[in-house]
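Numbering (our numbering), first residue to last: 3 to 629.
Virtual Cβ for every residue (Gly too), placed ideally from N, Cα, C.
Source: prediction; values computed, not measured.
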């Protein structure tokens, strides 16, 4: 048995991490006609469901194989007491949140994706170590996806490469299907590229990393993701603060062996200082003016430069309803502060709390196949949404865990300077910068809930521990020897994790494909084919309410009112504030002769959504019993 503490990441773990980390952001699907069923349309699709499928398969496989290696070694290595307790408290808050759950399938699926798998992966990886050489290999392997993403995004903006048009239109979002999400993803790797460039003395590698750095920065500019820029500025500032303060502290307690650290820190500052100047150059150049994408009109002084205009009103440009969402979301916190409303239930419960956000709500009703009631799916603040869904205990546990990770980075900076580990110092600084960018951008967007940033963010948190573990320091870990029975339990757990991950992945994947086919069939006017596709999508992904909504609409068009009411009852039992389902049930009930039931559903909508443009029409209808 290997008695080295911590045990190093194996080659297979490094390879698998690289494959998973790249597969998630790069994943998209292109299927030929008749792939799903006879008459299905060939389509190329980029969406979060496909990427979540890749995430679930990759994460579950990585976790399961790590557990199997533990069973083979007949030992379990757990992190410090505080880290372990915080993760357990976070899991406990997830369990307690089920007290208010109404849609059980949705709660479990979202919970596994967001709240269960990522901390477990962090827990398993954070107890391991790595050599500088293997860390370089791992880090360079992780840059494949962001570089490809950036090059495709730049090509989209510049209108290069005709084959780019074969991909679904995502603005400048590249393979991340949204430019803001792409920005959140890219900012994790910009500090990492800077840290790696400063850590190596290999000239070719330095030039390569500097090129990667510039490509990522250029694409970040083209995304116009201002929230991402805030995260990047925070990463640069906090990372530099940690580096300088640790150096000052080290000089007070013991003289440094040489001045290499200070010299390299100066280089680090100059290297990071390139970023704002580079942005300013691109943003104010004629090239940017030609590439600029439409945004919120901003009223500023005519004498202000374009750069200043954009950032003078960053709050206005970024809010676009965010502040209103946050205000109404705080009402949800006040009602369920302790245990939350349940995993994935923010989207289901928010309509009941709409007050400040009401000017942004639209209901394109009239056509039974019209669009959705426009309410937000996410808070655009991950910390707030965690508080809403898991309660205050879950939020405190997560924030404290992030603080522990930052404290571990601080201790690592001190130790590396005292022992003159210059290379590892900058490896840690780049990794910590990416982690900070992730945690700060969670204040404005939702990187905690997107598969690409979710995996990379937790991976960076684990990498901080991996880099800062001291060799053969057994005091940092709990070592538990395993009996044959315990090893068998780990094997069984591994099988369950892989099975669950693969099952959910295929359900999400095919559910998304069938849903897409249903939407295309509706657009083409093929109602029967749309009905079949949405039915199959619902069988695969029963937690996605869109499938039932579409089926209800189809049944209304076909005047199959009994089935429409039955499906409406089904979805409203799980999601009582799905107002379109209530309106459709009211229509079905009225057609079936149950006018009182119809009026009751209309009263519910008018009572909870009195500001809808259609509400006045509904009120008049309620007053006219003969209508």
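Buried/exposed call for residue i, threshold 16 Cβ in 10 Å
i, result
"residue 17", "exposed"
"residue 625", "exposed"
"residue 183", "buried"
"residue 168", "exposed"
"residue 419", "buried"
"residue 410", "buried"
"residue 595", "exposed"
"residue 97", "exposed"
"residue 501", "exposed"
"residue 379", "exposed"
"residue 422", "exposed"
"residue 407", "buried"
"residue 613", "exposed"
"residue 298", "Only weak support is given to the placement of residue 298: the predicted model assigns it a pLDDT of 36, under 50, and the question is left unresolved by the model."
"residue 413", "exposed"
"residue 641", "Outside the displayed range of the chain (3 to 629) lies residue 641, so it cannot be described from this structure."
"residue 485", "exposed"
"residue 351", "buried"
"residue 461", "buried"
"residue 14", "exposed"
"residue 162", "exposed"
"residue 449", "buried"
"residue 8", "buried"
"residue 373", "Residue placement at residue 373 is flagged as unreliable, the pLDDT there being 45, under the threshold of 50; a coordinate-derived value is accordingly withheld."
Span of the alpha helix (DSSP H) around residue i
i, result
"residue 400", "384-420"
"residue 99", "Here residue 99 belongs to no alpha helix (DSSP H), and DSSP marks it neither H nor E."
"residue 71", "50-75"
"residue 45", "Taken as a continuous stretch (DSSP letters only), residue 45 belongs to no alpha helix (DSSP H), being part of the beta strand (DSSP E) at 45-47."
"residue 328", "324-337"
"residue 551", "547-559"
"residue 540", "529-542"
"residue 182", "181-188"
"residue 456", "453-470"
"residue 603", "597-610"
"residue 589", "581-593"
"residue 575", "563-576"
Nearest-angstrom Cα separation, counted from residue j out to residue i
i, j, result
"residue 369", "residue 569", "Confidence at residue 369 is low in this model, with a pLDDT of 45, below 50, so its placement is unreliable and the value that follows should be read with caution. Whole-angstrom Cα-Cα distance: 19 Å."
"residue 367", "residue 121", "Here the model assigns residue 367 a pLDDT of 47, short of 50, so the residue's position is not dependable, and the following value carries that caveat. In a straight line, the C-alpha of residue 367 is about 42 Å away from that of residue 121."
"residue 399", "residue 427", "28 Å"
"residue 609", "residue 470", "57 Å"
"residue 320", "residue 333", "For residue 320, the pLDDT reaches just 45, beneath the cut-off of 50, and the residue's location in the model is therefore unreliable, leaving the point undetermined."
"residue 405", "residue 387", "19 Å"
"residue 541", "residue 573", "14 Å"
"residue 536", "residue 544", "11 Å"
"residue 328", "residue 51", "26 Å"
"residue 213", "residue 155", "16 Å"
"residue 310", "residue 228", "Residue confidence for residue 310 is low, a pLDDT of 41 falling below 50, so the modelled location carries little weight; the figure read from the coordinates is stated next. So the alpha carbons of these two residues sit roughly 13 Å apart."
"residue 676", "residue 325", "In this structure the chain extends from 3 to 629, so residue 676 is not present and cannot be described."
"residue 34", "residue 532", "18 Å"
"residue 148", "residue 455", "11 Å"
"residue 124", "residue 430", "17 Å"
"residue 143", "residue 102", "43 Å"
"residue 490", "residue 73", "7 Å"
"residue 292", "residue 160", "Caution is warranted here: a pLDDT of 47 is assigned to residue 292, below 50, making its placement in the model unreliable, and the coordinate value is therefore given only provisionally. Answer to the nearest angstrom: the Cα atoms are 9 Å apart."
"residue 562", "residue 349", "29 Å"
"residue 384", "residue 331", "12 Å"
"residue 126", "residue 606", "48 Å"
"residue 339", "residue 395", "9 Å"
"residue 551", "residue 65", "36 Å"
"residue 616", "residue 353", "16 Å"
"residue 433", "residue 621", "58 Å"
"residue 210", "residue 499", "38 Å"
"residue 599", "residue 611", "18 Å"
Terminal residues of the beta strand (DSSP E) in which residue i lies
i, result
"residue 32", "31-33"
Any non-hydrogen atom of the ligand ADP within 7 Å of residue i CB
i, result
"residue 398", "Questions concerning the ligand ADP fall outside what the structure shown contains, since it holds no ligand whatsoever."
Meets three-Cβ-pair contact criterion under 8 Å: the stretch 503-522 and the stretch 72-83: no
Using 8 Å as the threshold, is the stretch 49-62 in touch with the stretch 19-30, meaning 3 or more CB pairs across them? yes
Determine contact between the stretch 88-97 and the stretch 111-122, defined as no fewer than three beta-carbon pairs at a distance below 8 Å. yes
I'd like to know if the stretch 101-109 and the stretch 440-452 are in contact, where contact means that at least 3 CB-CB pairs between them fall below 8 Å. In short, these stretches do not touch, since the Cβ pair count stays below three.
Within 8 Å, do at least three Cβ pairs link the stretch 197-207 to the stretch 135-143? yes
Mind pulling the alpha helix (DSSP H) runs of 4 or more residues that sit fully within the stretch 134-159? 134-144
With contact counted as at least three CB pairs below 8 Å, one residue from each stretch, are the stretch 38-51 and the stretch 521-535 in contact? Contact between the stretch 38-51 and the stretch 521-535 is present, because at least three Cβ pairs lie under 8 Å.
Entirely enclosed beta strand (DSSP E) segments - the stretch 194-252, minimum 3 residues: If we require 3 residues or more, the stretch 194-252 turns out to have no beta strand (DSSP E) run fully inside it.
Do three or more CB pairs link the stretch 578-597 to the stretch 554-570 at distances below 8 Å? yes
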